Amino acid sequence: GAGVSQTPSNKVTEKGKYVELRCDPISGHTALYWYRQSLGQGPEFLIYFQGTGAADDSGLPNDRFFAVRPEGSVSTLKIQRTERGDSAVYLCASSVQGMNTEAFFGQGTRLTVV
Amino acid sequence: AQSVTQLDSHVSVSEGTPVLLRCNYSSSYSPSLFWYVQHPNKGLQLLLKYTSAATLVKGINGFEAEFKKSETSFHLTKPSAHMSDAAEYFCVVSDPFTSGTYKYIFGTGTRLKVLA
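In order, the protein sequence lines correspond to chains A and B.
Throughout the first sequence, residue numbering follows our numbering, covering 1 to 114 in sequence.
Throughout the second sequence, residue numbering follows our numbering, covering 1001 to 1116 in sequence.
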């Protein structure tokens, strides 16, 4: 497809379980971002990849959160030992690298931890 | 550090009247600025972006924003609201010279309600 694709669209998991969220960016976009959006809030930055490497992971809230992008395309956000406070919509975006470039967002994965 | 403040969490206007959504930013250098819109159950869509070429930026669906460096503002306007404009609007700043990366910092959002 032409846009950023995120799977699954919805995920319900039990507290303490491990989850993986997947992002397929737009082909050719070298920059990839993960954000978290809680109800009534703006998206909160988590991590930014340039190619395969994490150029900025300053937004990851703690060491339960980890993300990879092994081949510089698809990325996976991994959350260990999930907590109820992790419930949110997780957004992925991609862009062409550079100043003033637009980030294209996926529809998000709604994670609910029960 | 870079940050964005959206001054109104909710704005209500009547259909056909002007829209003003306010945004102030904090950045130590010349930032990139964006407005995104989020309709219910839809993804974020870019309305417009400031690229330093012109201070008055025109976007999609009749929206405009003016970059005012002296006031550190980037307010979003539209002359005449339409029912379909009802959505959540986010002001976004990106300042790689300050942060060292191209990450986007979002404001908390303004929910626009359009009354018939």
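Just so it is clear, CB atoms sit at the ideal spot from N, CA and C, and this is done for glycine as well.
Just so we're clear, the structure is a prediction, and the values are computed from it rather than from any experiment.
- Query: Going by Cα to Cα distance, which pick from A:Val113, A:Ser75, A:Ala54 and A:Pro25 is closest to valine 96 (chain A)?
  - Reply: The sequence position of residue 96 (chain A) within the first sequence is 96, counting from 1. For valine 96 (chain A), the nearest C-alpha among the options comes from A:Pro25.
Review point. What residues of chain B sit near aspartate 56 (chain A), judged by a beta carbon separation below 8 Å?
Key: One-based indexing of the first sequence puts residue 56 (chain A) at position 56. Ordered by position in chain B, the residues that pass the 8 Å Cβ test against aspartate 56 (chain A) are Ser1099, Gly1100, Thr1101 and Lys1103.
- [ ] Taking serine 1080 (chain B) as part of the alpha helix (DSSP H), name the residues at either end of that continuous run.
- [x] Reading the second sequence from its first residue, position 80 is the one you call residue 1080 (chain B). First-last for serine 1080 (chain B): undefined, no H or E at that position.
(message) To be precise: take each residue of the stretch 1045 to 1058 of chain B, compare its Cβ to all Cβ atoms of chain A, and keep it if any distance is under 7 Å. Which residues remain?
(response) Leu1046, Lys1049 and Thr1051
* **Residues, ordered as in the chain, of the stretch 96 to 110 of chain A that lie near chain B by beta-carbon distance below 9 Å** => Gln97, Gly98, Met99, Asn100, Thr101, Glu102, Ala103, Phe104, Phe105, Gly106, Gln107 and Gly108
- Item | Helix, strand or coil at asparagine 1041 (chain B) according to DSSP, with G and I counted as helix | Locating residue 1041 (chain B) in the second sequence gives position 41, where the first residue counts as 1. Note: asparagine 1041 (chain B) maps to coil in three-state DSSP.
Against chain B, does phenylalanine 45 (chain A) count as a neighbour if the rule is that its beta carbon must be under 8 Å from one of theirs? Within the first sequence, the letter at position 45 stands for residue 45 (chain A). Yes, its Cβ sits closer than 8 Å to a Cβ of chain B.
Q | leucine 1020 (chain B), buried or exposed, once every other Cβ within 10 Å from all chains shown has been counted against 16 | A | Taking the second sequence and counting its residues from 1, one reaches residue 1020 (chain B) at position 20. Classification for leucine 1020 (chain B): exposed.
Inset, instruction - Mind listing, in chain order, the continuous alpha helix (DSSP H) runs of no fewer than 4 residues lying wholly within the stretch 1051 to 1113 of chain B? - result: 1096 to 1099
Member of A:Val74, A:Tyr35, A:Asn62 and A:Lys17 whose CA lies at the smallest distance from the CA of glycine 1043 (chain B): Locating residue 1043 (chain B) in the second sequence gives position 43, where the first residue counts as 1. The shortest Cα separation from glycine 1043 (chain B) among A:Val74, A:Tyr35, A:Asn62 and A:Lys17 belongs to A:Tyr35.
Aspartate 63 (chain A), buried or exposed, once every other Cβ within 10 Å from all chains shown has been counted against 16
Numbered from its first residue, the first sequence carries residue 63 (chain A) at position 63. Answer is exposed; the Cβ neighbour count stays below 16.
Pick from B:Ser1032, B:Leu1112, B:Pro1018 and B:Lys1068 that is closest to serine 1094 (chain B), judged by C-alpha positions: What you label residue 1094 (chain B) is simply residue 94 of the second sequence in a count that begins at 1. Taking only the C-alpha atoms, the option nearest serine 1094 (chain B) is B:Ser1032.
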